[in-house]
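For what it's worth, this note's numbering labels the leading residue of the sequence shown as -19, then goes sequentially.
Data first, discussion second: the structure below is written as structure tokens.
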Amino acid sequence: MVALSRRQEVQCHKSHLNKSSSASSLKGSPVPKEESPVPNIFPLKCKKTQCIFYIGDDRQSYDRQMRKFSKPDKMMDHVERHLEKRTLGKYECCHPVCKAEGLLLDNIILFKNHVEMVHGIRLRDEKDVS
């Protein structure tokens, strides 16, 4: 307890997308508004080995939500298991900022494109999924 009392909380800075590059690189992928109702404790750009579903799971601890896998392939396998549980229809981005805005994507290809372009997490192409 004494050791924790000496620790100081680090303040996170607001993540900004480069407006000139974001418009050309996103190619139709919805971008969350920069002014979000969710506090910025979850950066919009994530680590490439983070699970987009864990980040948005508010039942988990912050450390569990921010968990990183050892390799991108391990994370991709994990995310594919999440996606297998999903039914057909719209795909909700689980990132807290996107979730607060109610962002829904029409299909899995748009979902994966959004996750890569907005959050920096590359997911497995549909043609590579068995």
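Heads up, the beta-carbon is just placed ideally off N, CA and C, and yes, glycines get one too.
So what's residue i in DSSP terms, helix, strand or just coil?
i    : result
Q30  : strand
K48  : strand
L63  : helix
E106 : helix
Please report the residue range of the alpha helix (DSSP H) in which residue i lies.
i   : result
L90 : I88 to H99
K79 : P76 to A80
Please tell me whether residue i and residue j are closer than 9 Å, where the distance is taken between their beta carbons.
i    : j    : result
E60  : L90  : no
Q30  : R44  : no
F33  : C78  : no
G100 : K28  : yes
L83  : E72  : yes
L85  : K107 : no
D105 : P76  : no
H62  : F49  : no
Would you mind sorting residue i into buried or exposed? The rule is 16 or more other CB atoms within 10 Å of its CB.
i   : result
K92 : buried
G36 : buried
V98 : buried
L68 : exposed
H94 : buried
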